[in-house]
Every structure is written in C-alpha cells, then in structure tokens.
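Asker: In the working numbering, the protein residues as written are 8 to 827. A single structure is presented below for examination.
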Ligand code: SF4
C-alpha cells in the first residue's frame with residue numbers, strides 16, 4: 008500500500024480535499040480528507056466514485072496531426088508554426104485560446120501569459136464564462152474587485168441561509184450536507200430556496216419560493232425596499248462604507264413598489280414573499296448562496312448586484328455567519344480568475360483597461376507586446392471564428408462543441424477555422440473531431456498544481472499516477488509552443504512550482520494592499536507540502552484570510568447598484584411557448600467524459616430527459632416515459648419525458664450532460680439561445696423559448712452488450728455504462744426487414760460464434776434476442792412498439808456479472824425477468 012496522497016476533487020467548486028491510497032493489489036482508494044477545511048472528510052458520490060474513472064478507456068495517448076499519430080516535436084512545431092504564421096499574416100487578434108475551469112492555476116497562468124503578454128492579444132477566454140462571469144462582474148461593480156467576502160465557515164454560523172438559483176444538494180453536495188447536518192442537530196439555520204423548480208435542495212428547506220424564471224432581481228429589489236421600510240438598514244455601515252444607496256432604493260421602488268407587486272411579477276404567493284422578507288429583515292446572520300440560476304442570465308450581473316445590495320443595506324457582509332456568497336461551478340473557476348483567464352482581465356486580478364496595471368505586468372513579464380484592449384468573450388470568440396476573423400484556436404481541457412449555447416453555430420465555426428488545436432485527455436469528444444492537431448493531456452491523478460475553491464482557498468492537486476502513453480501536462484505544452492515561437496526565456500519553467508512562485512510574486516508586485524488578490528506570502532512556501540489556505544496571504548495575513556472586510560474602489564466604499572429588472576432576452580411566445588431551463592444532475596459532471604466511465608454514476612440516469620409539469624405535458628400530448636422533441640429557433644434535441652409536479656407550469660428542465668458521443672440527439676446545447684449578459688458576457692443558459700412535441704418512432708428498444716456498439720439503424724440512441732456491460736436505449740423510425748439479421752449485425756454477433764436465442768411477434772412488433780457464449784450472456788436486445796412494454800433493465804444487467812447462466816436464468820432471459 009502506498010499513500011495516502013493528499014489532493015483535491017476535480018469536480019465542483021466546493022474543492023473537497025481527498026486522500027488517495029494505492030492498495031497492495033494496485034486498486035485505488037479515494038476518501039475525504041478530514042484535515043481539509045473545505046470538507047472535513049466528507050465527500051459526495053461523484054468524489055467517492057473517482058477511482059472508477061481513472062481507467063484508460065477513451066484516453067488520448069499520443070499527439071495527432073490531421074488524424075495521424077505524430078511525435079511531440081512535430082505536433083508542437085505544427086502548433087507553433089501555425090500560430091506564428093497566422094499572427095504574421097493576420098495580426099495577433101486572429102488567434103485565440105479557449106481554456107477551462109478544469110485547468111490547474113499553473114496551466115492557466117502560462118496560457119494567459121503567452122496570449123496576453125507575448126502574442127499581444129487578449130483573445131483568451133474560459134468555459135468559466137458560462138458559469139460565474141456574472142458574479143465576477145457583480146463583485147467588481149460592488150466591491151471594486153472580484154472578491155467573495157466570506158468563508159464556508161459562515162455557512163456553519165448563519166441563522167438563515169438563502170439558496171437562490173442553486174440546487175446545492177446536487178451541485179455542491181458537501182456544502183449542502185453541512186447545512187442539513189447542522190439543522191438536524193440544532194434546528195438552525197432556517198433555509199429558504201428560491202428556484203423556479205422544486206429541486207432536491209427544497210426537501211430540507213423551510214420555504215421554497217418557485218418564482219417565474221428570470222424574476223430574481225424583482226424579488227431582491229423588493230427585499231431591499233422591505234429592509235428599508237422596516238427600519239432594518241445598517242445606517243452607520245451605509246454611511247461609512249457604501250455609496251449609491253439612494254439610487255438603488257429609488258430603482259427598487261420604481262420596479263416593485265409593494266410586496267403584492269413583487270408576488271404578482273414573480274408568480275409567488277404574497278404571504279410567502281412576506282415571510283421570506285421578514286425572516287431576512289430580522290436575522291442578523293444571513294448567508295445568501297447563489298449560483299448558475301443567477302449567473303446564467305442576460306441580466307445576471309444585475310441579479311448578483313440586487314442580492315449584494317440587500318447585504319450592503321443591512322451591513323451583513325464579511326461578518327461571521329453573514330454575507331453574499333457566489334458558489335463556483337468548477338474546481339478551478341476561481342483560480343482562472345486569479346491568473347486572468349477571462350478575456351477582460353490581466354493576470355493577478357489586474358485590469359487590461361488600467362494603464363498602470365498594464366505597465367506593471369509588462370515590466371514584470373518583460374513583455375513589450377502586452378495586450379492593450381480586452382479580448383473576445385466565449386460566445387463572441389466562436390462568432391468571430393464563424394465570420395472567419397479567428398483563424399487559429401487552441402482549445403484546452405474543454406468541450407465547447409457540446410457546452411456552449413447554439414452549438415450548431417459553434418460547430419460551423421470550428422469546421423471552417425483553418426487551425427484548430429485541441430489538448431484533451433479524451434480522444435473522442437464533440438470538439439476533438441474538429442481538431443487539426445490533437446495534444447494528449449495529463450488528467451486528474453496525473454497532474455500537479457493548484458486550484459482555488461469558492462471560498463478563495465488554494466489547495467494542491469497532487470499526482471498519484473504516471474501520465475499514460477505520451478500524455479503531458481498542459482503547462483508543459485504551452486511552454487514548449489512558446490519556446491518554438493522564440494520565447495524561451497519567458498517560458499523556461501522547470502515545473503509547476505516555478506510557475507506558481509512567479510504567479511505569487513506577480514500578485515504582490517506593486518500591490519501594497521491596493522489589490523485584493525495577493526498571495527505574495529506564498530512566494531517562498533514549500534510547494535510540495537503547501538497546505539490549503541485562503542487568499543490574501545501576505546505579510547499582513549501570513550496564514551491567509553477568512554473574511555475580506557474591505558473594499559477596493561477608489562474611495563474604499565462599496566457600491567450599491569441601481570437595478571432595473573429586465574425580462575429574459577428572448578421571451579416565450581406563441582410559437583415557442585415554454586421556457587427551457589438547463590442544468591446539472593447529481594451524478595454527472597459536464598460532458599460526462601469522466602463520470603460516464605463510472606457504472607455507479609451512470610446507472611441512475613441512462614439517457615437525456617426533460618422534466619415538465621403534468622398539465623403542460625398533457626397540453627403537449629406527451630406521455631410519461633415517451634420521447635419528446637424540444638425545438639427552439641436555434642436547434643432541436645430529443646429527450647425522454649419525465650412528469651414533474653415540482654416543475655413550474657410553462658417551464659421545462661433538461662440536463663446539460665449528454666453530448667453527441669453519448670446520445671444521437673440529446674445534446675441540449677443545440678437548442679439553447681446565444682443571448683448573453685451585456686456586462687459579463689455570460690450566456691442565458693437558463694431561459695430559451697421552446698416548443699415540445701411528442702417524438703413517435705415506430706419502435707422502442709434497448710440493448711445491453713459486453714462491448715460498445717455502433718448504433719446504426721436506430722434513429723434515437725443513448726449510451727450509458729453498466730457494471731460489465733454497455734447499455735443503449737434505442738428507438739427507430741422504421742422496422743428492419745428481418746429483425747434477426749438486424750439484431751445480429753447491430754450487436755456484432757454475426758461475426759462471432761455464439762448461441763443465439765430470439766423471440767419474435769411481428770404483428771405485435773415485439774422482438775427479443777440474446778447471445779450467449781460459453782454459457783455467459785454477452786448481448787441482448789429488446790424491441791417493443793411502446794417503451795412501457797419493455798422489461799426492466801436491472802435484472803438483465805446483473806446477468807452480465809455471472810460467469811454462466813443457470814437454467815432458470817436462461818428461462819428468464821427473453822422475458823427480461825427472473826423466471827418464477
Ligand atoms: Fe467533489 Fe464537489 Fe463532491 Fe466535493 S462536493 S466530492 S468537490 S463533487
């Protein structure tokens with residue numbers, strides 16, 4: 008047994024510490040690290056299933072140029088030459104990097120340094136733009152810097168927790184567990200959930216406010232007014248530490264004069280709104296946790312500021328148990344912000360628009376070519392590519408062909424871009440198929456660096472496995488390309504520790520307390536043994552900072568923002584009468600390239616689905632368990648129908664995780680509108696007008712197989728991993744001429760010796776087939792005219808774990824049920 012290696016979970020922004028041990032038999036054991044302050048030993052099912060996801064299935068193991076294996080030298084030359092040529096011929100703004108909140112801080116730092124410092128363009132943006140850019144913009148408007156004032160500790164100290172636009176029970180499970188456990192033992196905190204959907208987070212809440220999608224700013228403007236009218240404002244704090252209160256109150260009074268107005272606009276019960284307002288007004292220790300439901304909106308920044316306004320008005324900010332708190336989605340969304348991974352930032356939280364900051368970074372990096380203007384934000388970047396303005400792009404550690412809105416347009420852009428470089432740990436993603444150059448990246452467990460979680464806590468991600476094949480860390484690839492572009496001196500790092508040290512030095516350069524992000528206290532820290540610590544970490548705070556109780560505006564005062572609520576950019580209409588909301592589910596992460604490898608995580612949800620209120624479903628003529636087509640102006644997708652009484656009428660929900668590699672048509676990004684917030688550039692992923700109609704194929708079915716299948720002949724399919732088998736849910740628009748012939752070809756059985764048993768009722772469109780080899784079940788297929796006529800999958804799935812079928816099992820196989 009070796010270990011344990013102390014590292015950090017690669018999934019959500021909670022940033023749980025993990026202990027990874029390699030057992031004597033080679034197996035990997037993953038546990039929560041009780042010494043890590045973010046989780047104190049707790050982990051959720053995604054973290055607990057990590058050991059199932061570290062196999063090499065699907066990994067990209069060698070560089071490729073135009074689909075052919077290449078040496079690292081050739082691949083790096085191709086990238087460097089391609090970028091240099093494009094820059095020479097079309098200027099620095101003709102190239103771009105699209106990076107990721109999954110990158111480690113050190114990877115992010117060098118990518119940003121190369122693009123902004125030496126290429127001379129700010130065209131580097133990150134998938135974190137889709138996740139928390141509105142929070143960044145709201146923080147800067149209110150606090151003068153991108154700071155989360157509080158700590159997770161405040162969640163343990165609060166008497167009231169307001170969860171708004173956040174299904175923390177699924178998306179930040181360990182934080183939610185902290186709340187639930189404390190409530191179970193002490194009865195506190197009181198919990199209010201503000202969300203159009205009745206989610207898992209509502210199950211342990213005192214009050215759920217299912218507001219109309221997009222009306223959050225109305226609700227919080229109303230709260231601001233209520234706090235003022237009930238005499239609960241902190242007058243001393245407002246006078247000494249804030250500006251702009253009068254304007255914010257006037258805007259709130261214009262938009263929502265009374266609680267009844269608020270209730271009507273938000274579609275809520277006025278008594279419930281009143282109860283929430285009263286609880287907020289009289290409770291000193293309030294934490295408002297907010298996430299994608301606030302950020303992913305064409306008015307996301309205003310919504311963030313509407314929340315912050317209420318905390319500024321009551322002075323409940325950066326105090327024990329009190330403050331607004333943005334929960335980041337990704338493991339290193341915060342680290343990306345620190346190094347300037349967003350197109351409108353420089354490194355170390357400095358601003359491109361600030362000439363002093365530009366001069367400081369230019370001198371520090373010795374980079375005379377430093378970018379002088381902001382670059383293209385995520386959606387803008389791919390729009391520019393579609394117009395032919397971006398001619399070379401390097402996509403690192405992310406899958407924009409699946410995750411951006413209006414992905415049909417993104418794919419068109421990638422298909423026409425003259426040079427697409429993708430560095431990824433997986434060979435086949437929706438994005439890698441467009442790559443001219445593929446660079447194999449090291450994955451979690453192989454990478455070495457740091458990440459920062461939602462509470463500003465920097466933690467180490469440590470390797471416990473060697474990179475397989477020729478995989479390399481992202482920082483190494485960026486530095487090698489930079490060296491080939493003639494920048495060897497600026498990128499001569501011997502490892503991530505050297506990069507982190509430079510990053511820490513830059514954060515302290517000319518700082519003197521003027522900038523919030525300062526980790527100069529870590530310049531000489533021992534990188535290998537670096538303990539989790541919250542920034543700022545400097546001479547004044549050598550052990551880090553739990554709460555940031557000052558503001559970084561010119562006069563040191565926080566700013567209220569006058570918020571005029573706006574409806575979503577594209578309202579529902581008679582052609583597209585339902586609002587599509589997208590989001591995460593408990594057991595999957597992003598585009599499932601990792602969680603899809605875990606049978607435990609994949610067993611719960613095997614295919615894309617949509618949740619719809621039963622009355623809406625009835626109006627749309629949908630049936631529970633049937634298939635439906637979701638169509639918007641931008642594209643269409645197909646998903647399994649699930650009735651959900653907790654879904655607001657007029658709104659539907661669909662998960663974001665299914666891609667073209669996991670399903671034929673369940674990729675919801677195809678239908679999502681590209682509208683974005685004018686301040687933050689964050690897309691409106693929570694509100695797209697759609698119509699929904701039944702998709703009625705001729706047949707439904709499923710196949711379980713020991714090996715992967717090529718689902719030709721099915722007009723709908725979705726793939727999920729089981730324990731010892733792969734599961735395909737299927738549907739088809741036409742029945743084959745001969746089911747036996749089709750089944751054997753579909754299952755790959757025609758080419759191998761085996762025992763086949765089948766049952767057919769052509770008139771009833773019932774067909775069942777099983778293949779056994781050496782007494783073992785190796786594949787089965789079930790077809791029926793309606794999905795409810797198909798047998799359950801569980802018992803059949805269990806048979807794949809048996810080395811041979813008993814006579815009783817064989818009797819039950821074609822029935823799909825254990826024989827009596
Ligand atoms: Fe990982 Fe988030 Fe779960 Fe913690 S809560 S184990 S960081 S997915």
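We put the beta carbon where it would ideally sit given N, CA and C, even for glycine.
According to DSSP, residue 707 sits in a beta bridge with which residue or residues?
Answerer: Answer by DSSP bridge pairing, in chain order: 738, 791.
Asker: Please confirm whether residue 645 and residue 656 have their CB atoms less than 8 angstroms apart.
Answerer: No, the pair does not count as a contact, with Cβ atoms beyond the cut-off.
Asker: I think residue 901 touches residue 467, with their Cβ atoms under 8 angstroms apart; what is that distance to the nearest whole Å?
Answerer: Absent from the structure is residue 901, since the part of the chain shown begins at 8 and ends at 827.
Asker: Could you check whether the Cβ of residue 766 sits closer than 7 angstroms to any heavy atom belonging to ligand 1?
Answerer: No, since every heavy atom of ligand 1 falls outside the 7 angstroms radius drawn around the Cβ of residue 766.
Asker: Report the three-state DSSP secondary structure of residue 516 (helix, strand or coil).
Answerer: Reduced to three states, the DSSP call for residue 516 is coil.
Asker: Can you tell me where the beta strand (DSSP E) with residue 773 in it begins and where it stops?
Answerer: Element bounds for residue 773: 773-780.
Asker: Compute the Euclidean distance between the alpha carbons of residue 667 and residue 771, then round it to the nearest angstrom.
Answerer: Going by the C-alpha atoms only, they are around 32 angstroms apart.
Asker: Ordered along the chain, which non-local residues of its own chain (more than five positions away) have a Cβ less than 7 angstroms from that of residue 880?
Answerer: Outside the displayed span of the chain (8 to 827) sits residue 880, for which this structure offers no information.
Asker: How far does the alpha helix (DSSP H) with residue 465 in it reach, from first residue to last?
Answerer: Run containing residue 465: none in the alpha helix (DSSP H); it sits in the beta strand (DSSP E), 464-468.
Asker: Is the beta carbon of residue 486 within less than 7 angstroms of some heavy atom of ligand 1?
Answerer: Because no heavy atom of ligand 1 lies under 7 angstroms away, the Cβ of residue 486 does not count as near it: no.
Asker: Which one of 333, 240, 304, 268 has the shortest CA to CA distance from residue 290?
Answerer: For residue 290, the nearest C-alpha among the options comes from 240.
Asker: Which residues, in chain order, sit with a beta-carbon under 5 angstroms away from any heavy atom of ligand 1?
Answerer: Checking every Cβ against the heavy atoms of ligand 1 under 5 angstroms gives 16, 18, 19, 21, 23, 50, 51, 53, 54, 180, 181.
Asker: Would you check if the distance between the CB atom of residue 699 and the CB atom of residue 412 is smaller than 8 angstroms?
Answerer: In this structure, residue 412 does not lie closer than 8 angstroms to residue 699 by Cβ.
Asker: Between the Cα of residue 175 and the Cα atoms of 634, 207, 518, which residue gives the shortest distance?
Answerer: The residue with the shortest Cα to Cα distance from residue 175 is 207.
Asker: How big is the Cα-Cα spacing for residue 21 and residue 120?
Answerer: Those two C-alpha atoms are separated by around 27 angstroms.
Asker: Distance check for residue 345 and residue 365, CA to CA, integer angstroms please.
Answerer: Cα to Cα, residue 365 sits roughly 16 angstroms from residue 345.
Asker: Grouping DSSP H, G and I as helix and E and B as strand, with all else coil, what is residue 24?
Answerer: Three-state DSSP puts residue 24 in a strand.
Asker: What residue from 751, 404, 322 has the CA that sits closest to residue 17's CA?
Answerer: The shortest C-alpha separation from residue 17 is found at 404.
Asker: Pick from 442, 672, 778, 557: whose alpha carbon is nearest that of residue 248?
Answerer: Checked all of 442, 672, 778, 557; the closest Cα to residue 248 is 557.
Asker: Of the residues 86, 650, 109, 487, which one's Cα is nearest the Cα of residue 501?
Answerer: Nearest of 86, 650, 109, 487 to residue 501, Cα basis: 487.
Asker: Helix, strand or coil for residue 603? Go by DSSP, reduced to three states.
Answerer: Correct three-state label for residue 603: helix.
Asker: Could you round the C-beta distance between residue 329 and residue 381 to whole angstroms and report it? I think they count as a contact, below 8 angstroms.
Answerer: So it is not a contact: roughly 34 angstroms between Cβ atoms.
Asker: Could you tell me which residues DSSP pairs with residue 670 in its beta bridges?
Answerer: In DSSP, residue 670 forms a bridge with 725.
Asker: Relative to the C-alpha of residue 599, which residue among 30, 551, 65 is closest?
Answerer: Among 30, 551, 65, the Cα nearest to that of residue 599 is on 65.
Asker: Could you please give the first and the last residue of the uninterrupted beta strand (DSSP E) stretch that includes residue 817?
Answerer: Unbroken run through residue 817 is the alpha helix (DSSP H), 814-820; no beta strand (DSSP E).
Asker: Relative to the C-alpha of residue 641, which residue among 676, 212, 702, 39 is closest?
Answerer: Of the listed residues, the one whose Cα sits closest to residue 641 is 676.
Asker: Please report the straight-line C-alpha distance between residue 352 and residue 138, rounded to a whole angstrom.
Answerer: About 16 angstroms.
Asker: Leaving out five residues on either side along the sequence, give the residues of the same chain with a beta carbon under 6 angstroms from the beta carbon of residue 268.
Answerer: Within the same chain, residue 268 has no close Cβ partners at all.
Asker: Does the contact criterion of 3 or more C-beta pairs under 8 angstroms hold for the region 440-454 versus the region 535-554?
Answerer: Verdict: no, contact absent.
Asker: To the nearest angstrom, how far is it from the Cα of residue 510 to the Cα of residue 526?
Answerer: So the alpha carbons of these two residues sit roughly 8 angstroms apart.
Asker: Can you tell me the Cα-Cα spacing of residue 751 and residue 788, whole angstroms?
Answerer: Distance between the alpha carbons of residue 751 and residue 788: 10 angstroms.
Asker: Which class does residue 104 belong to by DSSP, given the choice of helix, strand or coil?
Answerer: Strand at residue 104.
Asker: What residue range does the alpha helix (DSSP H) around residue 345 cover?
Answerer: Counting along the chain, the alpha helix (DSSP H) containing residue 345 begins and ends at 340-346.
Asker: Where does residue 451 fall in DSSP's three states?
Answerer: Note: residue 451 maps to coil in three-state DSSP.
Asker: Under 8 angstroms between the Cβ atoms of residue 688 and residue 378?
Answerer: Contact: no.
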